[in-house]
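Below: the structure, in C-alpha cells.
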Amino acid sequence: MAAPLVPRVTGLCYGGDYNPEQWPESTWAQDAALMREAGVTLVTVGVFAWAWLEPAPGRYEFGWLDRVLDTLHEAGIAVDLATATASPPPWFSHAHPESLPVDSAGRRLWYGSRQAFCPSSPAYRDAALRLVERLARRYRDHPALALWHVHNEYGCHNAACYCEVSAAAFRDWLRARYRDLDTLNEVWGTAFWSQRYTDWAQILPPRDTPTFRNPGQVLDFRRFCSDALLALFTAERDLLHELCPGVPVTTNLMTGQFTELDYWAWARELDVVANDHYLIGADAREPGAQIAFAADLARSLAGGPWLLMEHSTGAVNWQPRNLAKAPGQLVRDSLAHVARGSDGAMFFQWRASRAGAEKWHSAMLPHTGPDSRIFREVVALGGHLRRLGEIAGSGVDSDVAILLDYPSGWAQETPAQPSVDLDCFDEIRRWHAALWRAGITADLAHPGADLSRYRAVLAPALYAVDDATVANLTGYVGRGGTLVIGPFSGVVDEHDRVRLGGYPGAFTDLLGVRIEEFCPLPEGVTVQLTDGSIGHTWTERGGAPRAEVVARYADGPAAHAPAVTRRGDAWYVGTRLDDPSLARLLGGVLAAAGVAPPVAGLPAGIEAVRRRHADGRTYLFLLNHTDADAEVAGDGAGVLAGTDLLTGTAFAGVVPVPAGGVVVLAEEAA
Amino acid sequence: MAAPLVPRVTGLCYGGDYNPEQWPESTWAQDAALMREAGVTLVTVGVFAWAWLEPAPGRYEFGWLDRVLDTLHEAGIAVDLATATASPPPWFSHAHPESLPVDSAGRRLWYGSRQAFCPSSPAYRDAALRLVERLARRYRDHPALALWHVHNEYGCHNAACYCEVSAAAFRDWLRARYRDLDTLNEVWGTAFWSQRYTDWAQILPPRDTPTFRNPGQVLDFRRFCSDALLALFTAERDLLHELCPGVPVTTNLMTGQFTELDYWAWARELDVVANDHYLIGADAREPGAQIAFAADLARSLAGGPWLLMEHSTGAVNWQPRNLAKAPGQLVRDSLAHVARGSDGAMFFQWRASRAGAEKWHSAMLPHTGPDSRIFREVVALGGHLRRLGEIAGSGVDSDVAILLDYPSGWAQETPAQPSVDLDCFDEIRRWHAALWRAGITADLAHPGADLSRYRAVLAPALYAVDDATVANLTGYVGRGGTLVIGPFSGVVDEHDRVRLGGYPGAFTDLLGVRIEEFCPLPEGVTVQLTDGSIGHTWTERGGAPRAEVVARYADGPAAHAPAVTRRGDAWYVGTRLDDPSLARLLGGVLAAAGVAPPVAGLPAGIEAVRRRHADGRTYLFLLNHTDADAEVAGDGAGVLAGTDLLTGTAFAGVVPVPAGGVVVLAEEAA
Amino acid sequence: MAAPLVPRVTGLCYGGDYNPEQWPESTWAQDAALMREAGVTLVTVGVFAWAWLEPAPGRYEFGWLDRVLDTLHEAGIAVDLATATASPPPWFSHAHPESLPVDSAGRRLWYGSRQAFCPSSPAYRDAALRLVERLARRYRDHPALALWHVHNEYGCHNAACYCEVSAAAFRDWLRARYRDLDTLNEVWGTAFWSQRYTDWAQILPPRDTPTFRNPGQVLDFRRFCSDALLALFTAERDLLHELCPGVPVTTNLMTGQFTELDYWAWARELDVVANDHYLIGADAREPGAQIAFAADLARSLAGGPWLLMEHSTGAVNWQPRNLAKAPGQLVRDSLAHVARGSDGAMFFQWRASRAGAEKWHSAMLPHTGPDSRIFREVVALGGHLRRLGEIAGSGVDSDVAILLDYPSGWAQETPAQPSVDLDCFDEIRRWHAALWRAGITADLAHPGADLSRYRAVLAPALYAVDDATVANLTGYVGRGGTLVIGPFSGVVDEHDRVRLGGYPGAFTDLLGVRIEEFCPLPEGVTVQLTDGSIGHTWTERGGAPRAEVVARYADGPAAHAPAVTRRGDAWYVGTRLDDPSLARLLGGVLAAAGVAPPVAGLPAGIEAVRRRHADGRTYLFLLNHTDADAEVAGDGAGVLAGTDLLTGTAFAGVVPVPAGGVVVLAEEAA
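Chains as they are written, first to last, in my numbering: chain S, 32 to 701; chain G, 32 to 701; chain L, 32 to 701.
Right under this line is the structure:
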C-alpha cells in the first residue's frame with residue numbers, strides 16, 4: 032500500500048485554512064471541538080501570520096502559535112504549517128520600499144494588501160528565510176506537524192516586477208541562459224527595429240514602450256518571472272528539508288486558471304502537489320468541467336495523487352458577481368476533485384473572516400455559525416471522506432493526454448499576433464471540456480513527456496515547439512499513437528521565431544500539409560465545412576500534399592482549402608471548430624483509437640471516473656450534475672457491480688445516482 | 032415671517048455665476064442692463080478669479096472687482112462674492128509643485144485645469160486664507176455684498192490625494208480618531224493578510240496595491256478626505272465670520288450625483304445650504320425625478336429652505352452627449368427646485384464663455400445674444416420668480432424619509448463585495464424615484480437623526496450601521512413608525528466588520544429574519560416571487576423565524592426562501608425588486624402608514640408638491656412633465672382652490688396645467 | 032515629358048522595404064535574383080538599421096551595406112536609402128534615458144520597441160544627424176542611390192512627449208508664436224478657471240489634470256508636436272541636400288488614418304510625397320474607399336504624382352484580427368493606388384520576418400517561400416507595372432475638393448465638446464466614401480488653398496476657421512463655386528474661441544442661417560427630415576433668415592427647425608445625414624454643379640479613375656471590386672475606346688472587366 036500523501040494523516044485529508052490570529056483566543060477551543068465534529072484531520076495554519084509571528088524585525092512571538100498547535104494536536108488534528116511568507120508585514124515594506132513591486136508602467140505597488148514584494152528582492156528573500164528558519168527550528172519536532180506549506184499561491188498578484196532590482200536579476204538570468212549577447216540578439220531577433228544589444232547593462236524588463244515590445248524579450252521575461260518565484264520556493268524548501276527532514280514540503284498551485292508559472296517545472300520541486308480551485312461564475316464551461324480540468328492538471332503535474340488545498344464551501348468574494356453553491360454542491364464538488372486523484376478536500380477557510388478583503392468569502396464555519404446549512408454539509412462531507420479512506424493513494428484511469436506547454440502559451444500571448452481571438456489556454460480547456468462531456472478522463476501532458484502510455488494525444492494549441500518536441504510527437508505517431516493537432520501550432524520555435532517553408536512549420540512533414548497563409552475571421556463570423564462542421568475565429572489557405580482531406584472550407588476567405596486532414600493517425604484541424612463539431616470530430620478519432628469512457632452509455636450530466644489501486648482495486652465515482660435522479664448501467668462491455676462506500680449499499684447492473692448526488696462504487700473484481 | 036435666506040435679497044433669488052474678468056469691461060454695463068431686464072437679483076462673482084485678484088504672490092488687483100460690484104449695486108443686484116480659491120493660479124502651482132494632487136497610482140496631476148491642489152497642502156491653505164482675508168477686509172462693507180461663496184464644488188476633481196503630505200495628514204487624523212495602534216489594527220482587521228501596523232509611520236493612504244486593499248483603511252481614508260476638505264471650508268468660513276460678521280457663508284454642494292463628501296457633516300457648517308444640479312442625459316431616471324432627488328436632499332441637509340446655486344438653461348458640455356432642454360423646460364426645471372424648497376434659482380452662468388473648457392456650456396445669455404429663445408425664457412423666469420416672492424421661507428410637506436449615510440455607501444463601494452451590481456447610492460435614488468412617480472415627496476435623512484416626525488422611513492441600502500443607529504431605528508418602529516429595509520443592510524458595523532450570527536446582523540431582531548447566505552444573480556437574470564413580483568441582482572437564503580413571510584422566491588438560487596417579510600411594521604426586502612414591483616410594495620406599505628400625495632388621483636407625469644409657511648399659508652406646485660395639457664382635481668379628501676401666482680388666475684375644484692407648464696396655487700385656507 | 036518622380040527609376044517604381052541585416056548574407060544573392068524575377072526596380076534599405084550601422088557611439092560599420100547596395104546595383108535595382116533614424120539603438124537610449132518619451136501621465140516609455148525618443152531631445156537630434164552625415168558622405172556617389180528615405184512614419188508612436196525637455200521646447204515655440212504672455216492668455220482664454228500665466232516658465236505641456244485641460248493649450252501643443260517632428264525631418268533633409276545635391280528626399284506619410292501631423296505643412300517640405308497605406312479590417316468603409324481616400328489625400332498633398340511607399344501583400348499583424356487579402360486583391364489594390372496618382376507600388380516588406388514584432392506581417396516573399404500564391408501575384412504585379420510605365424508623371428482628373436484642416440480637427444478633438452460622436456476626420460472620410468461610391472474622384476484641399484479649379488467644394492467638418500478661410504470660401508462661392516458645409520463648422524476661430532452672435536459663426540452670412548442651439552442626439556437615435564432624409568448624432572435649433580430651407584427636422588429635439596438650407600450655391604447641412612441621404616443630397620448638388628464620374632452609368636462596385644498627361648494622353652482605370660465579371664460602356668456623353676495596357680487588348684464601346692480585376696485603357700483621343 033502506498034505511503035499516505037501527508038504522512039501523519041491516515042486516509043483522506045479534510046480541513047482548511049485556519050487563521051486563529053484573527054480571532055480571540057477564547058474561540059480556539061470551540062474551533063477544535065467543531066473541527067472534531069466535522070471530522071477535520073488537517074488544517075493549514077499561519078498562512079498570513081508573519082506580522083503576528085515577527086511583529087518587529089528579529090522579534091519573534093511564537094507563544095500563541097505553540098498554543099494553537101497544542102490545541103489542535105490534542106484534538107487529533109494534524110497541521111500543515113505555513114511559512115507565512117506570502118505577505119510581508121508593513122514594518123518590512125516600510126523599511127524596504129525598494130522591495131515593493133513595480134509594474135511595466137513604472138507604477139510602484141504598495142503594501143496594505145498581500146504579496147506586495149518584488150520576487151527578486153534580496154531583502155525580501157533574506158527576511159523570509161530568516162522567518163522560515165525560526166519556524167522550522169521551533170516546530171520541527173511538534174507532533175502536530177504533518178506538512179510544510181510554503182508561501183501561498185505564488186505569483187497570484189506579483190508574477191512580474193519591472194523594477195531595477197528585477198532588471199538586474201533578469202540580466203543575470205539571461206547571461207546564464209545565453210552566455211553571449213550574439214546569441215541573445217539572434218534568438219530575440221533584435222535585427223528587427225534596431226534593437227541590438229551591445230552590453231548586458233542595456234537590457235531591461237519589457238517595460239511599457241511606444242508600441243509592440245520585442246516578443247523574444249517578453250517571452251524570456253515570463254520564463255524568468257516563473258523561475259524567480261520558483262527560486263524563492265526552492266530556497267524555503269531546501270531550508271525546511273535541511274532543518275526538518277522527513278516532513279514533506281508543498282505550496283498551493285492554481286491550475287484551473289492561473290497560467291503565469293511553468294507548473295511543469297514547479298511540480299518537479301514539490302514533495303506534494305497541492306492545488307487551489309475556485310469556480311468562475313462567468314466561465315462558459317460547466318462547473319463540473321472546470322473542476323475536472325483543474326483536477327486533471329493537478330494530477331498530471333503530480334504524476335499521481337495530489338491534495339486539493341483550497342476550494343470554497345460556497346461563494347467567493349473576488350469575482351464581479353459571486354455565485355452561491357446549490358445545496359449539496361459542496362459535497363459533490365469536493366468528491367469531484369477526489370474522483371480525479373485528490374487524496375483529500377481542504378477549504379479556504381475554516382472560519383469566515385469578520386473583517387478584511389475576504390470577509391465575504393464563504394467558509395466551513397459561516398458568519399451565521401454552526402447552526403447553518405453549510406456547516407451541516409461540512410459535517411456530512413467529513414463523514415463521506417472518512418468512509419472513502421481506503422482510496423487514498425490510488426491512481427486515475429486515463430488513456431488520452433492533452434498537451435499543455437506554458438512558454439508556448441506565453442509566446443502566443445505576446446501582442447501583434449494574427450488574431451486576438453486565438454487564445455491558447457482557453458482552447459486547451461475547451462478541448463478538455465469536450466472530452467469531459469463525453470465521459471472521457473484526460474491527462475494533461477508536457478509536449479516533451481513520454482506519451483507512450485496514451486492511446487491518443489491532443490494538441491489543441493501548441494504554437495511554439497522546439498525540435499525535441501517535434502521528434503517526440505513524430506515518434507509517438509510512428510509507434511502507433513493517434514495525434515490531433517489544432518490550428519496555429521508548431522509555427523514558431525521555442526524562441527518565437529517562425530519556422531520557415533510553410534506552416535505549421537514543425538509539423539508539415541508529420542501532418543502532410545503545407546499552409547501558406549492565415550485567414551483570421553472577423554469577430555462573430557463562422558465558416559461552413561464540407562462535412563457539415565462549423566468553424567470560427569481562424570481559417571487557413573494552403574494544401575495537403577501528403578494528407579487525406581477530411582473536410583474543406585465550403586465558404587469564407589479560405590474557401591476550398593483543406594480544413595481537416597489526416598495523414599494516417601496524425602490529424603490536423605486548421606480552424607476552431609465549434610463545440611458540437613469538435614465533439615463529433617474528437618469522438619470519432621478517439622473511438623477509433625480505442626479511447627472510451629469508464630462506463631458506456633452514460634446519461635447526460637453524469638460524470639464517471641475510475642480510481643485504481645496498484646493492486647487492482649478500483650473505485651467508480653458517479654457524480655450527478657443534474658437536477659434529476661439518474662441510473663447508470665454498464666453496457667455489454669462490462670457490468671457494474673460493487674458497494675457504494677458512502678452508503679454501504681451494494682449494487683449490481685444498475686446504479687441509481689440521486690439528483691446532485693454522488694456514488695462511489697468499490698467495484699467487485701471483474 | 033422668516034428672515035430671508037440671503038439677507039439683502041427680498042423674495043426669491045435669481046441670477047447666476049457672473050465672470051466679468053472673462054470679458055472686456057465694455058460689456059459690463061450691457062450685462063447689468065440685461066440682468067435688470069431679466070429680473071436678476073443676485074449674482075455670484077469671482078469664482079475663478081484668483082489669478083486676476085492676485086496675479087503675483089502678495090500683489091492684489093481689486094480695482095476691477097470694485098468696479099464690477101459698484102456696477103451691480105447701482106443696478107440693484109446683490110452679490111454672492113466668491114473667495115476664488117477653487118483654482119489656484121499657475122504662479123502658485125509652479126512655485127509649489129508639492130501642492131499638486133497625486134492619484135492612487137502615484138500620478139501627479141497638473142495645473143492648467145481647476146482644483147489642482149492637494150486638500151492637505153499647507154501651502155495651498157495658507158495662500159487661500161491670505162486671499163480670503165484680503166477679500167473680506169476690502170468688501171465686508173460693500174453694500175452689494177449679500178453672501179460669501181467659499182470655493183466651488185469642493186472635491187469635484189480632487190476629493191482624494193495620495194501624496195506624502197496627505198499621508199502625514201491621514202496619519203494625524205487616524206491618531207486623533209483611534210489614539211492607539213491596537214485599536215486601529217482591530218477595527219481595520221489587519222490580522223487578515225498580515226497587515227498589522229506597529230508604528231504610525233507605516234500607515235499610508237490606500238495607494239495602488241497588488242490586489243484588494245484593506246477595506247477599513249479605504250473607508251477611513253474616505254472619511255479623512257471628506258474631513259480634509261471640510262477643514263478647508265471651515266477655515267475660510269471662520270475667517271469670514273470673524274472679519275465680516277453678519278454676512279452668511281455658503282459653498283455649493285452637488286447633492287444629485289456627488290457622493291464623495293459626507294454632506295450631513297458639511298451641512299452643519301453652512302450658514303446657507305446651496306446646491307448645484309445638472310441633469311444627466313444618460314440617467315435612466317426621468318429629469319423630474321433627478322431634480323426631485325437633488326432638491327429633496329438639499330432641503331433635508333438644510334432642514335428648511337436652501338438655494339439652487341447652479342443649474343443650466345440648456346445643455347452642459349461635460350457629458351458624452353449633452354442634450355438640450357426642450358422649450359419651456361428651463362422654467363419648469365427651475366420651479367421644480369423652488370417647489371422643493373429652493374428660495375431661488377441660479378444658473379451657471381450669466382454669459383456663455385467664448386473660450387476655455389466650458390465654452391459649450393449653455394448660459395443665461397447665450398453665444399447668440401439676447402435675441403434668442405433662451406434669453407427670452409430667462410426673462411420670463413425672472414417674472415415668475417418675482418411673482419412667487421411670497422413663498423420665500425416656507426417649508427415643504429413630507430411624511431416619509433429615506434435613509435442615506437455616506438460612509439455606509441463608501442464601505443459598500445470597497446472592492447471584493449458579493450456583487451458589483453449592488454450599488455448603494457443608485458438604489459437610494461431608485462427608491463426615491465419610485466416615490467416621486469407616486470406623487471409622494473420624501474425627505475432624505477441620516478440614520479441617526481430624529482425620525483419621529485415621519486410616518487414611514489425607508490432604508491433601501493444601509494450596509495454599515497453602528498449600534499446607535501440600530502437603537503434609533505428600533506426605537507422608531509417601537510414608537511409606531513413603519514420601516515422598510517432593503518437587502519444587504521446592517522450586515523457590517525461602522526468599521527466594515529461583519530455583524531456575526533446571521534444576516535442582516537444589525538436588524539435580525541428588529542426584522543425577525545435570519546439570513547444564512549447571499550445569492551447574487553448573474554448579470555441580467557431575474558427571479559420570480561410568489562406574489563408575482565420580480566427580483567434581480569440579489570437573493571438570499573435563510574429563514575424568518577420571527578416574521579411573517581409576505582413573499583418567497585419562486586425560483587432561482589434561493590428558491591423557497593423568504594424574499595419579503597414583515598414583523599409588525601418592520602419590513603424587509605431581501606432582493607432588488609424591479610421598478611413596478613417596488614412601486615407596488617412601497618405603495619401598499621406607505622398607504623397603510625398614512626402617507627399620501629398632496630393631491631389624490633394625480634394624472635401620470637404631473638408632479639405635485641406643497642410648500643407651507645409656518646403661519647399656515649400653503650402653495651401647491653403642479654408641474655406638467657408631459658407633452659399634453661392636463662387637469663388636476665382634488666378628490667374627496669380635499670378640494671383644490673386658490674390662485675395661480677404665475678398668472679393670477681383663480682381656480683376651484685379643477686386646475687388645468689398646460690403641457691410642459693407649471694401652476695403655483697396659493698391655496699385658500701381649508 | 033515630366034521628369035520621373037525618382038530620377039533613377041524609369042516608369043513606375045516597384046519594390047519594398049528590404050532589411051538584409053535581418054538575414055544571413057547568404058540569402059542576399061537569392062533576394063536579388065527573386066527581385067529581378069518579380070520586376071522590382073526600387074527597394075528601401077536600412078530603415079531600422081541604426082544599430083547595425085553604428086553598433087557603438089561613433090563606431091560605424093558600413094561594409095555590409097556597401098555589399099548590399101553593390102548587389103542591388105548589379106541586379107539593376109535602385110535604392111531608396113533610409114537614414115535609419117526612426118529607432119535609436121539600445122546603446123543610445125541607455126546612455127540617454129532623458130531622451131525617452133514621457134506620456135501625459137508622466138509615464139516614461141522605454142526602448143525595446145521603436146521610435147522611443149522625445150522629438151525635442153537634443154541628444155537624439157545630434158546622434159541622428161551624425162549618422163545621416165556619415166551615410167550621406169559614404170553613399171552620395173553610389174550608383175544605386177535614387178532617393179533618400181528619412182526616418183519612418185514620423186509620429187506613429189511618439190507624436191507627443193510631455194517631458195521637461197519637451198516643456199522647454201514648447202515654451203520656446205509659444206514664445207515665437209505669441210511673443211508676449213498677454214496674447215497667449217487672450218487666445219487660450221486663461222481667464223476661465225484662473226489659468227492666467229504670468230511667466231513663460233509656468234507653462235507646461237497639457238499633462239494630466241484633475242479635469243478638462245485648457246483647449247487652447249491642447250490645440251497649440253498639438254501644433255507644436257507636429258512642428259517638432261517636422262523640424263527633425265527638415266534637419267535631416269537639409270543635411271542631405273547639402274551633402275548630396277540632386278538626390279530627392281522623402282519620408283513616408285500615413286494619410287489614411289494618421290491625423291497627428293499637419294501634412295499640408297509637411298508636404299511642402301518633401302521632394303517626393305511618399306505614403307504608407309494599410310487596410311483596416313474593422314473599418315466600416317469598403318477597402319476600395321479606404322484606398323481611394325488615402326491615395327487622393329496623398330496626391331492632393333503632392334499636387335501631382337506621389338509614391339506608394341508601403342502597403343501589404345496580405346494581412347498585417349497589428350490589428351486585433353488581421354484579415355488576409357483575397358486572391359488577386361494584391362494586384363487590384365496596388366493599381367487602385369496607381370490609378371489615383373501613385374507612380375509606383377512598394378510594400379512592407381520584401382521578405383517576411385522570421386522574428387520580432389512584425390513577423391506575422393505579410394511580405395512579397397512570404398514565410399512559405401517563392402512557391403506560393405503571394406509570390407506569384409507579386410511577379411504578376413511586376414509585369415503589370417512594367418506595362419504601365421508610360422503613365423508615370425500623369426495627373427488625375429478631379430473636379431471636386433473636400434476640405435481637410437488638421438488643426439481644426441485637433442481643436443474639435445479636445446474634450447468637453449457637445450457630443451463625443453461628432454468625429455471630424457471620420458466624417459471627412461465618410462463624405463469622401465460617398466463620392467467614391469458615386470464614381471466621383473475628389474481631391475482633398477486645405478481650406479486656405481486656391482479652390483478655383485473645382486466645380487464644387489465640400490466641407491463636411493470644418494470646426495475652426497480663421498478669417499482668411501472665411502474670405503477664401505466666401506470668394507469661392509462668389510465666383511460661382513458650389514459649396515456644401517456640414518454641421519458644427521465655422522463655430523470657432525483658429526484658437527478655438529467661439530465666434531459669437533449665432534452659429535455657424537464664420538458662415539452665418541455666407542449660408543444665411545442663424546443657429547441658436549445645438550441638440551446632440553442620444554446614441555443610436557435618428558431623426559426624420561421633411562424630405563425623407565435621415566439624420567443622426569446632431570441636430571440644431573435656429574432659423575434661416577436669408578436662406579432657402581431645403582428640409583426641416585420632422586421630429587426630434589429640433590423639430591421644425593431648418594436642417595438643410597441653401598443660399599444660392601452655398602449649402603448647409605445641420606445634421607449628420609445617414610449614408611443614403613448623404614449620397615442623395617451630394618448627388619444632386621454635384622450634378623447641378625457639373626461634377627460627373629469619368630464614365631457614366633458605372634455598374635455598382637466598379638471604380639473608374641482617369642489619369643491624364645499634360646500632353647492630353649489619358650488612361651482610364653477600371654477596377655472591379657465585385658465577385659462577378661462586369662462590363663463598362665460609355666454613355667451618350669462619350670464612347671470608350673482604347674487599348675488595355677495590361678493585356679494589349681483593344682476595346683471600343685464596351686469594356687469587360689473581370690471579377691476582381693483591372694483594366695487600364697490607354698484611351699484614343701476623342
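Virtual Cβ for every residue (Gly too), placed ideally from N, Cα, C. Note that the structure is a prediction, hence the values are computed from the model and not measured.
Tell me whether residue i is buried or exposed, calling it buried when 16 or more other Cβ atoms sit within 10 Å of its Cβ.
i, result
"Pro128/G", "exposed"
"Thr445/L", "buried"
"His591/S", "exposed"
Who are residue i's beta bridge partners in DSSP?
i, result
"Phe378/S", "Gly47/S"
"Ala681/S", "Thr674/S"
"Asp474/S", "Ala432/S"
Judging by CA-CA distance, which residue of the options is the nearest neighbour of residue i?
i, options, result
"Leu338/L", "Val280/L, Ala266/L, Ala376/L", "Ala376/L"
"Val670/L", "Ala661/L, Leu651/L, Asp658/L, Thr678/L", "Leu651/L"
"Val630/G", "Gly665/G, Gly532/G, Ala624/G", "Gly665/G"
Compute the beta-carbon to beta-carbon distance between residue i and residue j, rounded to the nearest angstrom, for a pair I have assumed lies under 8 Å.
i, j, result
"Ala447/G", "Val523/G", "With a Cβ gap of about 13 Å, Ala447/G and Val523/G do not count as contacting."
"Ala266/G", "Thr282/G", "So it is not a contact: roughly 12 Å between Cβ atoms."
Short-range partners of chain L found in the segment 179-210 of chain G, where Cβ spacing is below 8 Å
Taking 8 Å as the Cβ-Cβ cut-off against chain L, the residues of the segment 179-210 of chain G that qualify are Cys187, His188, Asn189.
To be precise: take each residue of the segment 334-357 of chain S, compare its Cβ to all Cβ atoms of chain G, and keep it if any distance is under 8 Å. Which residues remain?
Gly345, Ala346, Asn348, Trp349, Pro351, Arg352, Asn353, Leu354, Ala355, Ala357
Against chain L, which members of the segment 443-476 of chain S pass a CB distance test of less than 7 Å?
Within the segment 443-476 of chain S, the residues whose Cβ lies closer than 7 Å to some Cβ of chain L are Ala447, Gln448, Pro449, Ser450, Val451, Asp452, listed in chain order.
Scan the segment 384-400 of chain G for residues whose Cβ lies nearer than 8 Å to a Cβ of chain L and list them as they occur along the chain.
Ser384, Arg385, Ala386, Gly387, Ala388, Glu389, Lys390, Trp391, Ser393, Pro397, His398, Thr399, Gly400
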